[in-house]
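Data first, discussion second: the structure below is written as structure tokens.
Protein chains: 2
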Amino acid sequence: MAGGSREPGRTVTSKVLAILGAFDAAHPQLTLTDVARRSGVPLSTAHRLVAELEEWQALSRDPDGRLRVGLRLWELGQLAPGRLMSQAHPWLQELFVTTGENVHLAVRDGLEVLYVDKVYGRRAVPIVSRTGGRLPMHPTGVGKALLAYEPDWFVKSYLARKLERPTPHTIIEPGRLARELATVRAQGYAFTYEEMTLGSCSAAAPILVDGRAVAAVGIVVSSRRARELPRLVDPLLNTASGIANASPPSSGSGP
Amino acid sequence: MAGGSREPGRTVTSKVLAILGAFDAAHPQLTLTDVARRSGVPLSTAHRLVAELEEWQALSRDPDGRLRVGLRLWELGQLAPGRLMSQAHPWLQELFVTTGENVHLAVRDGLEVLYVDKVYGRRAVPIVSRTGGRLPMHPTGVGKALLAYEPDWFVKSYLARKLERPTPHTIIEPGRLARELATVRAQGYAFTYEEMTLGSCSAAAPILVDGRAVAAVGIVVSSRRARELPRLVDPLLNTASGIANASPPSSGSGP
DNA sequence: GCAATTCTTCCACTCAGTGGAAGTGCACGC
DNA sequence: GCGTGCACTTCCACTGAGTGGAAGAATTGC
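Dropping the structure here:
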């Protein structure tokens with residue numbers, strides 16, 4: 001009876017990864033049944049695999065018994081970002097102290113920006129992005145800063161899709177967005193005015209290493225204070241170039 | 001010839017986890033051969049599993065082709081620590097701003113402390129611990145703060161082992177250490193004087209939720225400035241209780 | 001107390017996974 | 001140019017680890 005009709009061609013590894021992938025920012029804690037449903041792994045199989053993952057502390061349980069990503073996975077994750085990110089943090093820190101604004105660092109992942117670090121104060125404007133969060137590129141400052149330095153074919157394919165419009169201010173017309181990106185490229189930084197969230201504006205600058213934007217620094221302020229953004233450009237650019245230069249001298253510097 | 005003499009009883013999952021476990025703070029980037037050697041997984045098997053992990057961005061490759069923990073794993077890890085840690089960060093930030101000292105947050109994992117967050121300035125004393133780092137409990141401030149609130153049986157078994165002695169100042173005599181812990185418990189905070197690293201002192205306070213130390217906040221200063229530690233106790237305790245209270249009202253508060 | 005939901009265990013079948021060995025590719029030295 | 005060493009990739013026939021439906025246990029809700 002049992003074991004006969006398995007779904008073929010699915011590796012154990014892919015199931016393990018599907019189980020881990022069931023967790024995301026919107027669903028940080030799940031029951032076993034949730035995990036099975038979201039990952040597409042049969043319940044009994046999920047049960048066994050989850051038990052192994054728990055044993056290794058890749059997953060652990062909340063007080064109420066729900067599953068969460070475990071400490072060991074967090075610890076592993078800390079090894080990921082490499083030199084750039086850990087070197088960037090003090091710079092972000094300093095930018096926060098000198099400007100008093102919420103600052104963050106983001107990289108591109110696929111067609112989205114992934115927020116990899118942020119520094120913020122308790123009294124400042126509440127900020128939407130959280131570390132590890134993802135947002136589309138075109139409505140965000142860091143997204144525009146990164147997109148502007150991607151190769152043409154990439155930008156083209158980005159613009160070719162139907163773009164989300166989180167607010168009425170979001171620029172989604174391909175032509176207008178392309179012109180915006182040209183401006184960003186020309187001046188070296190990007191602004192947004194309520195393009196992602198009503199009430200928030202931002203300035204962002206790419207971190208350029210060998211001409212490629214490996215990350216971007218952003219500052220978010222409430223839109224009432226949008227007029228202060230230009231004032232923030234200088235410290236922003238300083239920070240961006242500081243981070244870029246702090247990264248170890250590029251190995252392939254020459255021609 | 002092939003496939004016959006496999007090592008039995010090892011699940012695929014355990015191999016995947018062993019491969020991930022091959023990465024640690026001392027070995028953040030590895031070649032495939034390293035991974036196979038460190039994880040005990042045969043090279044050809046490691047090759048296949050690593051390829052699957054790469055496809056999912058659980059692992060990725062450095063410019064020079066060596067393997068690293070990938071972005072997706074970092075992203076997953078961000079979901080791990082739950083409310084406490086993300087709520088703690090602004091408090092740490094503030095403690096750093098008011099004191100100007102290096103501050104960090106640690107939790108107990110097994111017999112070690114795991115540093116889960118830190119805030120530091122560029123000009124301050126260089127700090128040994130890095131996020132995700134592990135240290136033994138008895139020579140560190142946060143370690144003592146955490147150990148002091150563990151149940152008796154745990155402390156007993158901790159003291160029963162032969163304790164490491166990273167510096168001549170490290171307290172490793174069980175009796176003396178037990179007395180030290182009693183003091184910590186009595187006064188609510190811990191000091192260390194060059195017990196982990198020559199040249200560094202620290203003060204630390206536990207974050208108590210329902211009488212259990214769920215984490216600890218620490219401040220590190222250079223030992224020349226050890227006399228300033230007492231002055232730092234008040235802000236430290238404020239921070240610790242602030243973090244503790246900021247966590248959502250405990251569900252099982254009163255019997 | 002019964003129904004709904006979630007979690008755990010069972011087990012016979014079978015194909016996904018295995019790993020030693022052979023092949024490929026690259027870098028260096030002579 | 002050619003051999004030597006090392007790291008990576010592919011191959012393949014065998015087999016037991018993994019499978020998943022279903023039944024049972026535990027828990028929750030009404």
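Heads up: the protein sequence lines correspond to chains Y and W, in order.
The first sequence finishes on residue 255 if you use my numbering, and the numbering steps up by one all the way, no holes.
The second sequence finishes on residue 255 if you use my numbering, and the numbering steps up by one all the way, no holes.
By construction, the Cβ of each residue, glycine as well, lies at the ideal position given by its N, Cα and C atoms.
Contact list for residue i against chain W, beta-carbon separation under 7 Å
i, result
"Val69/Y", "Leu76, Gly77, Leu79 and Ala80"
"Trp56/Y", "Leu17"
"Pro28/Y", "Leu79"
"Ser14/Y", "Glu52"
Buried or exposed (CB count within 10 angstroms, at least 16 for buried), residue i
i, result
"Pro126/W", "In this prediction, Pro126/W scores a pLDDT of 42, lower than 50, which makes its location untrustworthy; the coordinate-derived value is nonetheless stated afterwards. Classification of Pro126/W: exposed, given that the 10 Å Cβ count is below 16."
"Ser129/W", "For Ser129/W, the predicted model reports a pLDDT of 49, less than 50, meaning its position is unreliable; a value from the coordinates is still stated below. Buried."
"Phe191/Y", "buried"
"Thr334/W", "Any answer about residue 334/W is impossible in this case: the structure gives chain W only from 1 up to 255."
"Gly108/Y", "This sequence places Arg at residue 108/Y; Gly is not what is there. With 16 or more other Cβ atoms within 10 Å, it is buried."
"Pro230/Y", "exposed"
"Ala22/Y", "buried"
"Gln187/Y", "exposed"
"Arg123/W", "Since pLDDT at Arg123/W reaches only 46, below the 50 mark, its modelled position is unreliable, and no value is offered."
"Glu75/Y", "buried"
"Thr11/Y", "exposed"
"Phe154/Y", "exposed"
"Glu101/Y", "buried"
"Gly4/Y", "Since pLDDT at Gly4/Y reaches only 47, below the 50 mark, its modelled position is unreliable, and no value is offered."
"Gly218/Y", "buried"
Proximal residues of chain W, C-beta to C-beta of residue i below 9 Å
i, result
"Thr192/Y", "Those do not exist, as Thr192/Y stays about 23 Å from chain W at its closest Cβ, beyond 9 Å."
Beta-carbon proximity check, residue i vs residue j, cutoff 8 Å
i, j, result
"Arg68/W", "Ala58/Y", "no"
"Leu71/W", "Leu53/Y", "no"
"Val233/W", "Ala203/W", "yes"
"Pro42/W", "Ala36/W", "yes"
"Ala88/W", "Asp64/W", "no"
"Leu198/W", "Thr167/W", "yes"
"His138/W", "Leu163/W", "yes"
"Ala18/W", "Ser39/W", "yes"
"Leu181/W", "Lys156/W", "no"
"Gln93/W", "Thr131/Y", "no"
"Thr239/Y", "Trp91/Y", "yes"
"Leu84/W", "Ala215/W", "yes"
"Val142/W", "Val119/W", "no"
"Ser222/Y", "Ser241/Y", "no"
"Leu73/W", "Val50/W", "no"
"Arg185/Y", "Tyr149/Y", "yes"
"Leu135/Y", "Met196/Y", "yes"
Span of the alpha helix (DSSP H) around residue i
i, result
"Ala262/Y", "Since the first residue of chain Y shown is 1 and the last is 255, residue 262/Y is not available in this structure."
"Phe23/W", "From DSSP, Phe23/W is part of no alpha helix (DSSP H); its letter is neither H nor E."
"Gly141/Y", "Gly141 to Leu147"
"Ser44/Y", "Leu43 to Glu55"
"Ala203/W", "First-last for Ala203/W: Ser200 to Val209, but that is the beta strand (DSSP E), not the alpha helix (DSSP H)."
"Leu159/W", "Asp152 to Ala160"
Residue i: contacting residues in chain Y (beta-carbon distance under 9 Å)
i, result
"Ala25/W", "Glu75, Gln78 and Leu79"
"Gly132/W", "Trp74, Glu75, Leu76, Gly77, Gln78 and Leu79"
Amino acids of chain W, ordered along the chain, whose beta-carbon sits closer than 8 Å to that of residue i
i, result
"Pro42/Y", "Ordered by position in chain W, no residue passes the 8 Å Cβ test against Pro42/Y, which lies about 15 Å from the chain."
"Leu135/Y", "The premise fails here: Leu135/Y is roughly 13 Å from chain W at the closest Cβ pair, so nothing lies under 8 Å."
"Leu49/Y", "Thr13"
Boundaries of the beta strand (DSSP E) in which residue i is found, first to last residue
i, result
"Asp117/Y", "Glu112 to Val119"
"Ala190/W", "Ala190 to Tyr193"
"Pro109/W", "With the sequence shown as reference, residue 109/W is identified as Asp, and Pro is not the correct amino acid for it. Counting along the chain, the beta strand (DSSP E) containing Asp109/W begins and ends at Asn102 to Asp109."
"Pro136/Y", "Arg134 to Pro136"
"Leu32/Y", "Counting along the chain, Leu32/Y falls outside any beta strand (DSSP E), though it belongs to the alpha helix (DSSP H) covering Leu32 to Ser39."
"Ala226/Y", "Careful: Ala226/Y lies outside any beta strand (DSSP E) and carries neither H nor E."
"Arg68/Y", "Leu67 to Val69"
"Ala216/Y", "Arg212 to Ser222"
"Leu181/Y", "That residue, Leu181/Y, is in no beta strand (DSSP E); its alpha helix (DSSP H) goes Pro174 to Gln187."
Neighbouring residues, chain Y, relative to residue i (Cβ below 7 Å)
i, result
"Thr11/W", "Glu52"
"Asp109/W", "Leu71"
"Leu20/W", "Leu76"
Nearest-angstrom beta carbon gap, residue j and residue i [assumed within contact, 8 Å]
i, j, result
"Leu237/W", "Tyr189/W", "6 Å"
"Pro206/W", "Thr98/W", "Rounded, the Cβ-Cβ distance is 20 Å, inconsistent with contact."
"Ala178/W", "Val209/W", "Rounded, the Cβ-Cβ distance is 24 Å, inconsistent with contact."
"Arg66/Y", "Leu30/Y", "6 Å"
"Val16/Y", "Thr13/W", "6 Å"
"Gly133/Y", "Ala213/Y", "With 8 Å as the limit, Gly133/Y and Ala213/Y do not qualify as a contact, their Cβ atoms being about 19 Å apart."
Proximal chain Y residues relative to residue i, where beta-carbon distance stays under 8 Å
i, result
"Leu258/W", "Shown here, chain W extends from 1 to 255; a query on residue 258/W therefore has no answer."
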